[in-house]
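Chemist:
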Amino acid sequence: MICQALKWGPIKDQARLNKRNMSKKQLANRDDFEAQKKLKEKLSAEQEVTGKIVTADSGDSSSR
7 MICQALKWGP IKDQARLNKR NMSKKQLANR DDFEAQKKLK EKLSAEQEVT
57 GKIVTADSGD SSSR
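In this note's numbering, the protein residues as written are 7 to 70.
#1: Note down the Cα distance separating D37 from A62, rounded to an integer number of angstroms.
#2: Out of curiosity, what's the CA-to-CA distance linking T56 and E40?
#3: Does DSSP put K58 in a helix, in a strand, or in coil?
#4: Ordered along the chain, which non-local residues of its own chain (more than five positions away) have a Cβ less than 6 Å from that of S69?
#5: With Q53 as the anchor, note down where its alpha helix (DSSP H) starts and where it stops.
What follows is the structure, encoded as structure tokens:
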């Protein structure tokens, strides 16, 4: 048990220090990224994202 604590202690401590040492800008960027990722998932669930660009020229000819 103690051996496992010694083995994983530095790894967990390093993760804690990395999180603490992030600058305010990095924290804001991370939070913004997470918010945009959630928004993308929400919008993708409502309407499928195909990546196809629709232009006036690519529509069917009946709309002219």
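All C-beta atoms in this analysis are idealised placements derived from N, C-alpha and C, irrespective of residue type, glycine included.
Note that the structure is a prediction, hence the values are computed from the model and not measured.
Modeler: Answer, in terms of the structure:
#1: If you number the sequence shown from 1, residue 37 lands on position 31. If you number the sequence shown from 1, residue 62 lands on position 56. Whole-angstrom Cα-Cα distance: 37 Å.
#2: In the sequence shown, residue 56 corresponds to position 50, counting from 1. In the sequence shown, residue 40 corresponds to position 34, counting from 1. Taking the straight line from one Cα to the other gives about 22 Å.
#3: As a first step, residue 58 is located in the sequence shown; it is residue number 52 there, counting from the start. It is coil, neither helix nor strand.
#4: Against the sequence shown, residue 69 aligns to sequence position 63. A caution first: S69 carries a pLDDT of 48, below 50, which makes its placement in the model unreliable, though a value can still be read off. Same-chain partners within the cutoff: there are none.
#5: Here residue 53 refers to the residue found at position 47 of the sequence shown. No alpha helix (DSSP H) holds Q53; DSSP gives it neither H nor E.
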